[in-house]
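Have a look at the structure below, then the notes.
Numbering (the working numbering), first residue to last: 108 to 266.
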């Protein structure tokens, strides 16, 4: 069974508008801001929180549970650039809405193509923040995103 390492094999793009999250188009993705070369190696944080529904009965010893509601939070850690035109600091403002689209398992340098399997996360940006500076460390920033609707984890790019 073929496997892949994450290094260089994840593409992440912030897209302002997608008409169908189950099938974003190559054109829509091309209008987005590619983030993978701005993200730190551990800078793509996508966390799911799932709540449990208690399903145990008084006559049972076992405390059964069922899956309940869930949510997603996204945290990006990006490297700062010294030129404003290419600085991720200018990419987002609090309240920006859009879609984080992630492709895994293909070279990040490879352009979006019809048939790519992707994850689509509808989201709203939180407050961007500089990361505390440290010696021998590149300047960085973080920005959190909050899921605005259910993500599509099995989308396919269309032409």
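Note that CB positions come from ideal geometry on N, CA and C, so glycine has one too.
A quick note: this is a predicted structure, and the numbers were derived from the prediction, not measured.
task = With DSSP as the reference, label residue 137 as helix, strand or coil.
result = When DSSP states are grouped into helix, strand and coil, residue 137 belongs to the helix group.
task = Mind checking who residue 229 pairs with in its DSSP beta bridge?
result = 206
request  = Determine the direct distance from the alpha carbon of residue 186 to that of residue 245, and round the result to whole angstroms.
outcome  = 7 Å
ask   = With distances taken from CA atoms, which of 190, 227, 217, 200 is nearest residue 208?
value = Sorting 190, 227, 217, 200 by C-alpha distance to the C-alpha of residue 208 places 227 at the top.
Backbone secondary structure at residue 192 - three-state DSSP = helix
inquiry  = Helix, strand or coil for residue 197? Go by DSSP, reduced to three states.
reply    = helix
message = Using 8 Å for Cβ pairs, my map puts residue 248 next to residue 238. What's the rounded Cβ distance?
response = With 8 Å as the limit, residue 248 and residue 238 qualify as a contact, their Cβ atoms being about 6 Å apart.
message = Just to confirm my understanding: we take residue 270, look at its own chain, exclude 5 residues before and 5 after, and list those with CB closer than 7 Å. What are they?
response = Since the first and last residues shown for the chain are 108 and 266, residue 270 lies out of range.
ask   = Run through DSSP, which three-state label would residue 128 get?
value = coil
ask   = According to the neighbour-count rule (16 or more other Cβ atoms, all chains shown, within 10 Å of its Cβ), is residue 232 buried or exposed?
value = buried
request  = Determine the burial state of residue 214: buried for a count of at least 16 other Cβ atoms within 10 Å of its Cβ, exposed for fewer.
outcome  = exposed
ask   = Going by beta carbon distance, what residues of the same chain come within less than 7 Å of residue 163, once the five residues before and after it are set aside?
value = 169, 170, 171
task = Give the straight-line distance between the Cα atoms of residue 152 and residue 119, rounded to the nearest whole angstrom.
result = 11 Å
key: Strand pairing of residue 245, partner residues [DSSP]   = Bridge partners of residue 245 according to DSSP: none are assigned.
Buried versus exposed call for residue 257 [16 or more other C-beta atoms within 10 Å across all chains shown] = Counting Cβ neighbours within 10 Å, residue 257 comes out exposed, since fewer than 16 surround it.
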